[in-house]
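To start, the structure itself, in structure tokens.
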Amino acid sequence: MVNAVQQYLTESAKRFPHKIAVKYHDDEVNESISWQDLDNFTDAFACHLQACGVTKGDMVAFYMPKSVGAIKSLLSVVKASAAYIPLDYNTPENRLAAIFKESHAKIVIVNQYSIYRASEIFSKFGPDIKIINVDAFKFDSSLPHRPVDDTISVDLAYVLFTSGSTGTPKGVMISHGAIIDYIDWCVEVYGLDAGDQIANHAPLYFDNSTFDIYTAMKTGATLHLVPESVNMMIPRLASWLREEAISVFFCVPSVLSMLQQTKRLQADMLPAMKQILCAGEVLPVAVLRYWMTLFPHIRFTNMYGPTEITVDCSYHIIDAVPDTEQKSVPIGRPRANMEMYIFTDEGVLSRQPGSSGELWVRGLSVACGYLGNPIKTNESFVQNPSHNNFSDLLYKTGDLAFIGEDNLFYYAGRKDSQIKHMGYRIEPGEIEANTLRLDYIEEAVAIYKCVSDETASFIGMALKTSRPVETRELRNALAAVLPKYMIPARFIFIEETFPRTANGKYDRKAIAALF
Ligand code: AMP
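Under our numbering, residues 2 to 516 are what the sequence shown spells out, in order.
Written out as structure tokens, the structure is:
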């Protein structure tokens, strides 16, 4: 019985010792590691982490661009019975500080590339933060190399920080059991095996990467990390997928849209690709039609789920090219061992066709809440209203959905103002709170302007300032406090009063119409 994700690694190392486990390949770097070497290295590095003070239940951050070293780091953390926190290498310092404050992490793993920047930043967060360089660690078989690993399935494996409406990111806590429940199901339903070449496109601080890392680890497939250099040049991504003979590609739909827009895709371009799985945002029918028509040999699946339920709780394998009349792609049915309900306006949890309302999710993979934030946790993770016999939590997703006559769930938007832009989950509140900290900003409202072509949709911000401000000055100031993907693309300056609703709130629809 597997009760901790690192056991997938140990098993694959036994079954496929010399097979490539993880690979990173672009024009400048060609690095890979076998399953056996990965298992040995992470055992030894986990011992080192424990010798440096890591104990069961600690949180250990890692800070470096995507690399084989990043995978070694996160696996070593779990082998040391601790939980990892992937940090976005490009995120501003104030956001990192907020994450450190919340997590009380005392150790940050870095690599050769990030060590100088890390030393500069993390020394400001406290004298007792220790920086450990994974690249400098040399495997020595004479040193202890069996870490004390007494992880059980309810222990945390990772904490992922996602945008928070109050301006501070929220740490979603995910257990080993939650990941195993999801991964075992993925491997079975998608028929994955050691012959697969699985791409990792999502950043490691985004939970779609959980699918890539752990399906590869469970099956002994090879995990191919999509290099940043490839990702920045979308046409290059298509040729990289071909060159690496990727057979499983899990991505946000906007990646498919962007690849389509390059106009360079050709029918014979991806002969090795067996499946493309999408999740994280709406999969537009037109994009799906284009891809399915061009690549009839690839199986497409739409998956759905927030970070708080461990990647995905529903799926829809698409068996035919949708016709032009079809309005949307279903998010499908709950996966095994998960239940999805519609919380109706009448206050009833329903699974009946025809119901519509907020989507609530129940199952083993529901997160353990938000780190250090019991108020927000209690708001979003609630006792099953149909009984009080035992602790039975449902996650209130904030997503609106309905169940069609075909018994499938359909996504219908958000209850709140949360945005999904190019796969990034963004709370306008986080953008606004950080903008309002600039002393010349009096009012700030961030909106999302949707246009039919998703890749042209943008974040806009309406501002009232106490003095004239150049857009360039504003952009520079925001770059210091917000991740790049949260910086609004357009600004408008309002001199009089902001449009408001009857109850005095900002009228976000009316404000969006100004752009
Ligand atoms: P994240 O926590 O970053 O994975 O974002 C989760 C949110 O992305 C969900 O609450 C939805 O609003 C949205 N989302 C995820 N998958 C889908 C999907 N297949 N279709 C529409 N929206 C999705």
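Here a beta-carbon is modelled for each residue, glycine too, at the ideal position from N, C-alpha and C. These numbers were taken from a predicted model, which means no experiment stands behind them.
Asked                                                                                                          : Found
With 16 other Cβ atoms within 10 Å as the buried cut-off, status of Ala1                                       : It is not possible to answer for residue 1, since the shown part of the chain is limited to 2 through 516.
Local Cβ density within 10 Å of Val135, reported as buried at 16 or more and exposed below that                : buried
Which of helix, strand or coil DSSP assigns to Ser115                                                          : coil
Lys1 to Lys510 span [Cα, whole Å]                                                                              : Residue 1 falls outside the range modelled here, since the chain spans only 2 to 516, and no answer is possible.
Cβ-Cβ distance between Val69 and Glu94 below 7 Å                                                               : no
C-alpha distance - Gly192 paired with Ser176, whole-angstrom precision                                         : 24 Å
Closer than 6 Å: Met70 CB and nearest the ligand AMP heavy atom                                                : For the sequence presented, residue 70 should be read as Gly rather than Met. Because no heavy atom of the ligand AMP lies under 6 Å away, the Cβ of Gly70 does not count as near it: no.
Reduced DSSP category for Ile343 - H, G, I as helix; E, B as strand; rest coil                                 : strand
Rounded straight-line distance, which links the Cα of Val383 to that of Phe391                                 : 12 Å
Separation of Ser458 from Ile493, as counted between CA atoms                                                  : 16 Å
Strand pairing of Gln7, partner residues [DSSP]                                                                : For Gln7, which the question treats as bridged, DSSP gives no partner whatsoever.
Bridge partner(s) assigned by DSSP for Thr223                                                                  : Gln198
Exposure label - His298; buried when at least 16 CB within 10 Å                                                : exposed
Tyr9 classed as buried or exposed, judged by whether at least 16 other C-beta atoms fall within 10 angstroms   : buried
Residue burial classification, Pro331 (beta-carbon count within 10 angstroms, cutoff 16)                       : buried
CB of Asp205 within 7 Å of CB of Pro87, strictly                                                               : Checking the sequence, you will find Leu at residue 205 rather than Asp. Yes, Cβ-Cβ distance for Leu205 and Pro87 is below 7 Å.
Inter-residue spacing [alpha-carbon to alpha-carbon] between Ala83 and Ala222                                  : 25 Å
Pro307: CB within 6 Å of a non-hydrogen atom of the ligand AMP                                                 : yes
Beta strand (DSSP E) runs contained entirely in the segment 142-166, provided each spans 3 or more residues    : 157-163
Sheet register partners of Asp129 (DSSP bridge)                                                                : None, per the DSSP bridge assignment.
beta-carbon Glu282 near the ligand COA non-hydrogen atom, thresh 6 Å                                           : Within the structure as shown, the ligand COA is missing, the only ligands being the ligand AMP.
Under 7 Å between C-beta atoms of Asp185 and Asn338                                                            : no
Backbone secondary structure at Arg1 - three-state DSSP                                                        : It is not possible to answer for residue 1, since the shown part of the chain is limited to 2 through 516.
With 16 other Cβ atoms within 10 Å as the buried cut-off, status of Ile214                                     : buried
Cα-Cα separation between Val30 and Pro386, rounded to whole angstroms                                          : 53 Å
N- and C-terminal bounds of the beta strand (DSSP E) containing Asn379                                         : From DSSP, Asn379 is part of no beta strand (DSSP E) but of the alpha helix (DSSP H) over Pro375 to Ser381.
Proximity below 7 Å, CB of Gln267 to CB of Val249                                                              : no
Unbroken stretches of the beta strand (DSSP E), 3 residues or longer, contained in the segment 209-294         : 223-226, 249-252 and 276-279
Cys187 classed as buried or exposed, judged by whether at least 16 other C-beta atoms fall within 10 angstroms : buried
Through-space distance from Leu271 to Glu497, alpha-carbon basis                                               : 55 Å
Beta-carbon spacing of Pro335, Ser315 below 7 Å                                                                : yes
Where the alpha helix (DSSP H) containing Ile442 begins and where it ends                                      : Where Ile442 is concerned, there is no enclosing alpha helix (DSSP H), although the beta strand (DSSP E) it sits in stretches over Ile442 to Lys450.
Residue from Ile318, Ile133 and Tyr159 with nearest C-alpha to Thr311                                          : Tyr159
Which of helix, strand or coil DSSP assigns to Arg415                                                          : strand
Contacting residues, own chain, Cβ-Cβ under 8 Å from Lys416 (five flanking each side not counted)              : Glu359, Gly399, Asp400 and Leu401
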